[in-house]
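Only one structure is covered here, and it is reproduced in the block below.
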Amino acid sequence: MMQFGLIARKFSSSASVQSAIKNVTVIGGGLMGSGIAQVSAQAGQNVTLVDVSPDVLAKAQKSIGANLGRVAKKVYKDNPQEGEKFVSESLGRIKTLTDPVAAAKTADLVVEAIVENMDVKHKLFKQLDEAAPQHTILASNTSSLSINEIGSVVKRKDRFGGLHFFNPVPVMRLLEVVKGAETSEATYNAMMAWGKAVGKTCITCKDTPGFVVNRLLVPYICEAIRLYERGDASARDIDIAMKLGAGYPMGPLELADYVGLDTNKFILDGWHKKYPDQVLFKPIPLLNKLVSEGKLGVKSGEGFYKYEKK
Ligand code: 3HC
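Just so we're on the same page, my numbering is the position in the sequence shown counted from 1, plus 1.
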């Protein structure tokens, strides 16, 4: 309940924050991409949501509509007509395309939220760099890859950076604005202003593994998995401990299931490869086993806990 109170306050104040960016293209229609499209549209931006799959786009539009409805219920609880207008106008600002090149041509800002694969990102950003107007800023929502490495393929290195959102995007208030080695001050300022305009509290971070949140959160989740793997406490008790003893909204194992065990493993493996001596990044046999069995958390119906299949 508290989270949406915060949304309501943030949403109403964000409309007054000015950003020169008015047209945003979001690439990737998954959970993160659709969340980014939603918060942008509800803040008045013209959004183009891109995915190679029309089915994914249809699903994204449906979930954005439902989530806008949740926001409207809170923000316009005394004025349902205004709420309906808010939902239809916000949805009306989102168009969908399957071609990223066409979508880049009208963008002031492109936010990429596709699969965490460097080669796939390189291929995409090369195309975007060639197609986008000169002033367009290109940004990645990567959770663990290097912004400098992703941006190494673009010519406009001064207009490249990281914009890292959190799941669920409409609820989580933070945006990490990541400065690459060659990100210009003008680009950084524009990204900060845009983040504020879409209702987020922005923090600044250098291009360091996991930025701030995941650099702290992923080792914390991994330590919880190791604790459970050693048999020191049950999954339920580990989660209760951190919720009631530290005031976290979810316990670490619930959060691991929520983020996806494959995502946790992907991040950990990538960091272990880069920093083999860092004990916090060592592989975890139990995590590897669960992923190999297809137990990926909420999305697959089972991880540390069992869930109803969506
Ligand atoms: N989209 C939109 N709204 C959502 C939502 C979603 N996906 N999930 C929940 N909400 C809304 C609910 O509708 C509810 O609003 P209501 O009061 O109007 O019903 C409100 O948020 C609170 O949700 P619930 O009452 O269902 O449940 P909780 O109070 O337990 O909140 C939670 C759910 C917001 C997910 C909360 O448990 C939480 O904050 N968990 C921690 C999440 C977190 O740590 N995220 C970061 C993950 S790391 C990451 O994203 C980085 C990436 O790089 C891996």
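Note that beta-carbon positions come from the ideal geometry of N, C-alpha and C, so glycine has one too.
1. Mark residue 276 as exposed unless 16 or more other C-beta atoms lie within 10 angstroms of its C-beta, in which case mark it buried.
2. In this structure, what does DSSP give as the bridge partners for residue 111?
3. My output table needs one value for residue 106: the three-state DSSP class, helix, strand or coil.
4. So, does the region 161-172 touch the region 197-216, judging by three or more C-beta pairs under 8 Å?
5. When the Cα of residue 151 is compared with those of 283, 226, 121 and 110, which residue comes out closest?
6. Going straight from the alpha carbon of residue 90 to that of residue 111, what length do you get?
7. Considering only heavy atoms of the ligand 3HC, does any lie closer than 7 Å to the CB of residue 80?
8. What's the gap between the Cα of residue 139 and the Cα of residue 97?
9. Taking only three categories from DSSP, how would you classify residue 188?
10. In three-state DSSP terms, what is residue 5?
11. Am I right that residue 130 and residue 102 are in contact with their C-beta atoms under 8 Å? What's the rounded C-beta distance?
12. Alpha carbon to alpha carbon, what distance is there between residue 55 and residue 126?
13. With three or more beta-carbon pairs closer than 8 Å as the criterion, would you say the region 39-56 touches the region 74-94?
14. Which ranges would you report for the alpha helix (DSSP H) in the region 144-180 if only whole runs of at least 4 residues count?
15. Are residue 28 and residue 51 close, meaning C-beta to C-beta below 8 Å?
16. Return helix, strand or coil for residue 68, following the three-state DSSP convention.
17. Within 10 angstroms of the Cβ of residue 217, are there 16 or more other Cβ atoms? Answer buried if so, exposed if not.
18. Roughly how many angstroms lie between the CA atoms of residue 45 and residue 158, to the nearest whole one?
19. Based on the DSSP output, what are the partners of residue 95 in its beta bridges?
20. Report all residues from its chain with a CB closer than 7 Å to the CB of residue 132; omit the five preceding and five following residues, and keep chain order.
21. Step through the CB atoms of chain B and report whether any lies within less than 8 Å of the CB of residue 165.
22. For residue 75, is the beta carbon positioned less than 7 Å from some heavy atom of the ligand GDP?
23. Considering residue 222, what are the terminal residues of the alpha helix (DSSP H) in which it resides?
24. Residue 287 and residue 304 - do their beta-carbons sit closer together than 8 Å?
25. If we ignore side chains and look at the alpha-carbon of each, how far apart do residue 183 and residue 161 end up?
26. For the beta strand (DSSP E) holding residue 207, just list the boundary residues, first then last.
27. Within its chain, find whatever has a CB closer than 6 Å to the CB of residue 9; leave out the 5 residues flanking it on each side and keep chain order.
28. Could you check whether residue 253 and residue 222 sit closer than 8 Å to each other, using their CB atoms as the reference points?
29. Please tell me whether, using a cut-off of 7 Å, the distance from the CB of residue 289 to the nearest non-hydrogen atom of the ligand 3HC is below it.
30. If we call anything under 8 Å between Cβ atoms a contact, is residue 33 one with residue 213?
31. Tell me, please, which residues DSSP counts as bridged to residue 298.
32. DSSP three-state label for residue 10, please.
33. Looking only at its own chain, which residues have a Cβ that is under 7 Å from the Cβ of residue 247, when we skip the five neighbours before and after it?
This is what the structure gives:
1. Using a 10 angstroms sphere on the CB of residue 276, the tally of other CB atoms stays under 16, which defines it as exposed.
2. Note: residue 111 sits in a beta bridge opposite 26 and 139.
3. Here residue 106 sits in coil by DSSP.
4. In short, these stretches touch, since the Cβ pair count reaches three.
5. Measuring C-alpha to C-alpha distances from residue 151 to each of 283, 226, 121 and 110 identifies 121 as the nearest.
6. When the Cα atoms are used, residue 90 and residue 111 turn out to be separated by approximately 22 Å.
7. No; taking the cut-off as 7 Å, the Cβ of residue 80 has no heavy atom of the ligand 3HC nearer than that.
8. The alpha-carbon atoms of residue 139 and residue 97 are separated by roughly 19 Å.
9. Residue 188 falls in the helix class under three-state DSSP.
10. Residue placement at residue 5 cannot be trusted, given a pLDDT of 44 that sits under 50; the coordinates are not used to answer.
11. Between residue 102 and residue 130 the Cβ distance is about 11 Å, and since that is not below 8 Å, they are no contact.
12. Residue 126 and residue 55: Cα-Cα distance of roughly 21 Å.
13. Output reads yes: the region 74-94 touches the region 39-56.
14. Segments of the alpha helix (DSSP H) lying fully in the region 144-180: 148-151.
15. Taking 8 Å as the Cβ cut-off, residue 28 and residue 51 qualify as a contacting pair.
16. Residue 68: helix per DSSP, three-state reduction.
17. With fewer than 16 other Cβ atoms from the protein chains shown falling within 10 Å of its own Cβ, residue 217 counts as exposed.
18. Distance between the alpha carbons of residue 45 and residue 158 is about 28 Å.
19. For residue 95, the pairing in a beta bridge is given by DSSP as 48.
20. Excluding sequence positions up to five before and after residue 132, its CB lies within less than 7 Å of the CB of 102, 105 and 106, all in the same chain and listed in chain order.
21. Given the protein chain composition of this structure (a single chain), no chain B is represented.
22. Among the ligands in the structure shown, the ligand GDP does not appear; only the ligand 3HC can be found there.
23. 214-230 is the extent of the alpha helix (DSSP H) around residue 222.
24. For residue 304 and residue 287, no; Cβs fall outside 8 Å.
25. Approximately 8 Å between the Cα atoms of the pair.
26. Looking at the DSSP string, the run of the beta strand (DSSP E) that includes residue 207 is 202-207.
27. Note that residue 9 scores 43 on pLDDT, short of 50, meaning its location in the model is unreliable; the coordinates nonetheless yield the value given after this. For residue 9, same chain residues with a beta-carbon under 6 Å away, outside a window of 5 residues either side, are 75 and 76 in chain order.
28. Annotated as proximal: residue 222 and residue 253, with beta-carbon spacing under 8 Å.
29. No, the Cβ of residue 289 stays beyond 7 Å of every heavy atom of the ligand 3HC.
30. Cβ atoms of residue 33 and residue 213: not closer than 8 Å.
31. Residue 298 is bridged by DSSP to 303.
32. Summary for residue 10: the model assigns pLDDT 45, below 50, so the residue's position carries little reliability; its value from the coordinates is reported in the next sentence. In the structure shown, residue 10 sits in a helix (DSSP, three-state: H, G or I).
33. Within the same chain, no Cβ atom closer than 7 Å to the Cβ of residue 247 is found once the five residues on either side in sequence are excluded.
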